[in-house]
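Chains as they are written, first to last, in this note's numbering: chain A, 49 to 393; chain B, 273 to 596.
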């Protein structure tokens, strides 16, 4: 069985919508501010989200605007915070739980995997758990093995959770607002390296629908499917490849669960070559599933080359900058793999 | 001074009926399971009926509870329908969870029951969250988290209580100390004279009561609930009781003696309550007989109707995972 694909939701706001330049981090804050202004049930809970402004500064000065009741500082108790989120979500609130580093979800896993994800199904549909879990993942900050993992596959593997990985500032806002609307627990895996990156972000109460992939670049020679920070690396690689005469399509699934398989298969059929790029460790990673979905579909008959995966090494993320960089796919790795795929096949 | 339950005809009859419902429901479940007519596993609370009975008497319908794997009693005491419970255990479409949860996952949102939980202490932080929600929404609802002594070894217990204490939330952590966490004796497990001694370390009031005495449980819960509603924060209650049956079906009772079990069977909360009610004049022998007979009839009918219901269907399993 493949990952469940739900029907496509309405398309995002038209490209003509007004935009403003802001960072990924500001875009997330903007989304939370909009959601909290609209719905008194929405509140934020997490470690140091108040006066400190969040470990990565995402909540910033929201506490001054909204107050400590709804920008709620907690003790260092990931399991307790997550469970309090579940209980609040079951009883009429719409909590946004911030976990300081996605690695710390391991501390909260019972409430994520055994409670939040299962309650709706297990209780026969009588209750739902409309909560959002925001957690930064990924390497590149020198924080080493316990603060740098890419754990998205864990969550995709648990029926009942939705999982999104915004790669741009606009999606960070649009996907988060969709996640807050959603009546299910949604894991929003942000990327630490993206927090300070800027982009054009639609103003106002906008949405990026869950379950709809983005295709930020189209080309005829190969399809590069990438998630999280690897999307920007793939786009950078595509520029370099273009100078060498190779035209790449880049697909950003944006939502890992539910996954927009249709867009993936359509773009794969159009190019006949596919390069899958993830920062997470290779074995049983999300891209293994994407590879299987392609292999099991009629897109298989369109392939001119074997499916190629580029992924993090099967190791804990090391500290030293050179070692850390060598652990996950970089722009040059994508260029090399794409060139190889197109030239050989 | 709280109402003397045994002296109040209505309250005494209702409390006795609740205890009998729990007892008869679980006896029926045990019988059905033993005859191969029920599937899965279950955890029986026979002998512990006075705790949920006394505690839920102190709650309003819209107050919340979280429950445990040994949760039939909590569910019944909070007001659930025995037919829908039985239907769930019999894997029927009309069960509380449409056959997807079974004994360990029954919830009844209509009566504020946020669900039994198969994870020990799983309900502790959830109750904290429900209490946080009540406080933020400005209602006067209170959450009671039923849990066993075994839960007090879990990190979730600690974290849930820490947050509730910090935020002074309207929640009562009610430990049914039935003396064993599966086979681990709570006396060995916790280096405390009584489990309520732990409350001081969390900065909340703690009290230990006789969990086989409905009035004692009611009084402690009432005080805690009144304080919580008034903004006074959480309370920990230890209700000492005993489960007559094994932990679950695999239990060979190797960790306790027959004498110990017999001693506690002698402290059966139901005849104890009946004797008090007779002495206090709240109930006559005829009343007591009527309560027992009515419950028996009600339970028999619940089992029959649940048995006649259609089996749970697999048709829409995939679409049941996510709420719409």
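We put the CB at the ideal spot given by N, CA and C, even for glycine. The structure displayed is predicted, hence computed values, not measured ones.
Item	Value
Cα-Cα separation, residue 563 of chain B to residue 323 of chain B	19 Å
Within-8 Å CB hit, residue 51 of chain A to chain B	With a pLDDT of 38 at residue 51 of chain A, under the threshold of 50, the modelled position of that residue is not reliable, and the figure given next carries that caveat. False, the Cβ-Cβ gap to chain B never drops below 8 Å.
Extent of the continuous alpha helix (DSSP H) to which residue 207 of chain A belongs	Note, residue 207 of chain A: premise wrong, no alpha helix (DSSP H); not H, not E.
Given 8 Å, three or more beta-carbon pairs between the region 360-380 of chain A and the region 511-525 of chain B	no
Under 8 Å between C-beta atoms of residue 83 of chain A and residue 90 of chain A	yes
Close-in-space but distant-in-sequence residues of the same chain around residue 367 of chain A (CB under 6 Å, 5 per side omitted)	192
Inter-residue CB distance, residue 442 of chain B and residue 403 of chain B (contact presumed, cutoff 8 Å)	5 Å
Contact with chain B by residue 315 of chain A, beta-carbon distance below 8 Å	no
Sheet register partners of residue 134 of chain A (DSSP bridge)	BP columns for residue 134 of chain A are empty, so no partner.
Beta-carbon neighbours of residue 355 of chain B, restricted to chain A and to distances below 9 Å	None at all; the shortest Cβ gap to chain A is about 15 Å.
Secondary structure of residue 511 of chain B, DSSP reduced to three states	strand
Residue span of the alpha helix (DSSP H) that contains residue 324 of chain A, given as start and end	No alpha helix (DSSP H) contains residue 324 of chain A, which is instead part of the beta strand (DSSP E) from 322-329.
Start-to-end residues for the alpha helix (DSSP H) that takes in residue 336 of chain B	Looking at the DSSP string, residue 336 of chain B is not in any alpha helix (DSSP H); the run it does join, the beta strand (DSSP E), is 336-338.
Residue-chain proximity (residue 435 of chain B, chain A), Cβ-Cβ < 8 Å	yes
Where the beta strand (DSSP E) through residue 311 of chain B begins and ends	Element bounds for residue 311 of chain B: n/a, residue is neither H nor E.
Those residues which DSSP pairs with residue 400 of chain A across a bridge	This structure leaves residue 400 of chain A out entirely; chain A is present only between 49 and 393.
Whole-angstrom C-beta distance between residue 328 of chain B and residue 339 of chain B, which should lie under 8 Å	Not quite, the Cβ-Cβ distance comes to about 11 Å (not below 8 Å), so this is no contact.
DSSP beta-bridge partners of residue 272 of chain A	A/298 and A/323
Boundaries of the alpha helix (DSSP H) in which residue 633 of chain B is found, first to last residue	A query on residue 633 of chain B cannot be resolved here, the shown segment of chain B reaching from 273 to 596 and no further.
Rounded straight-line distance, which links the Cα of residue 239 of chain A to that of residue 218 of chain A	14 Å
Cα-Cα separation, residue 412 of chain B to residue 498 of chain B	10 Å
Interfacial residues, the region 214-242 of chain A to chain B, with Cβ spacing under 9 Å	230, 231 and 232
N- and C-terminal bounds of the alpha helix (DSSP H) containing residue 348 of chain A	Per DSSP, residue 348 of chain A belongs to no alpha helix (DSSP H) and is neither H nor E.
Contact check, residue 171 of chain A vs residue 374 of chain B, beta carbons under 8 Å	no
Inter-residue spacing [alpha-carbon to alpha-carbon] between residue 549 of chain B and residue 292 of chain B	15 Å
Chain A contact for residue 400 of chain B (CB, 8 Å cutoff)	yes
Contact set for residue 16 of chain A: own chain, Cβ-Cβ below 6 Å, skip 5 residues either direction	In the structure displayed, chain A extends from 49 to 393; residue 16 of chain A sits before or after that span and is not available.
Buried or exposed by the 16-neighbour rule on C-beta atoms within 10 Å, applied to residue 487 of chain B	buried
Reference residue 473 of chain B; option with closest CA among B/447, B/544, B/430 and B/456	B/430
Own chain partners of residue 81 of chain A with C-beta closer than 8 Å, once the 5 adjacent residues on each side are dropped	110, 113 and 114
Exposed unless 16 or more other CB atoms sit within 10 angstroms - verdict on residue 99 of chain A	exposed
Listed by chain order, chain D residues near residue 169 of chain A by CB distance under 8 Å	Among the chains of the structure shown, chain D does not appear; the protein chains present are A and B.
Inter-residue CB distance, residue 94 of chain A and residue 71 of chain A (contact presumed, cutoff 8 Å)	Between residue 71 of chain A and residue 94 of chain A the Cβ distance is about 19 Å, and since that is not below 8 Å, they are no contact.
Member of B/368, B/319, B/341 and B/508 whose CA lies at the smallest distance from the CA of residue 475 of chain B	B/508
Residue 274 of chain B burial status per 10 Å Cβ neighbour count (16 or more: buried)	exposed
Outcome for residue 375 of chain A when other beta-carbon atoms lying within 10 angstroms are tallied against a minimum of 16	buried
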